[in-house]
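Structure first, then comments.
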Amino acid sequence: MRRQARTAQDRRASRRRKRPAMPLPLPVDEPTTGSTQLFHQLNNQLGIILANAELLEAKVSDDMSRRRATQVVASVLDAMATAKEIRARLSRG
Numbered sequence: 073m074r075r076q077a078r079t080a081q082d083r084r085a086s087r088r089r090k091r092p093a094m095p096l097p098l099p100v101d102e103p104t105t106g107s108t109q110l111f112h113q114l115n116n117q118l119g120i121i122l123a124n125a126e127l128l129e130a131k132v133s134d135d136m137s138r139r140r141a142t143q144v145v146a147s148v149l150d151a152m153a154t155a156k157e158i159r160a161r162l163s164r165g
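Here the sequence shown is numbered in our numbering, starting from 73 and rising by one per residue.
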């Protein structure tokens with residue numbers, strides 16, 4: 073029993089550790105190349121979140137977890153559409 077409590081505590085501690093921020097690939101000052109690269113990076117990260125949420129949605133057994141995963145999928149799709157719209161507006165003007 074003691075070993076399980078320590079393992080759970082270790083897991084909680086590891087969740088609290090912050091990951092270092094990914095460095096920006098290009099300077100943000102460059103209006104076209106920099107922002108294009110940032111949107112590409114954002115879209116890739118959202119795609120990873122989407123894939124994981126879809127996997128959870130397919131594998132969870134209880135309805136509450138499935139609904140939560142479905143909500144994450146919907147939110148990520150909305151975020152991807154919003155990023156696409158922002159990019160389109162920036163490129164227009």
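By construction, the Cβ of each residue, glycine as well, lies at the ideal position given by its N, Cα and C atoms.
- About 21 Å separates the beta carbon of N115 from that of A141, a gap too long to meet the 8 Å contact definition.
- Classified as buried, A125 has 16 or more neighbouring CB atoms from the shown chains inside 10 Å of its CB.
- The alpha-carbon of V145 is positioned some 14 Å away from that of K131.
- The beta carbon of M152 sits closer than 6 Å to the beta carbons of L118 from its chain, once the five residues preceding and following it are set aside; these are given in chain order.
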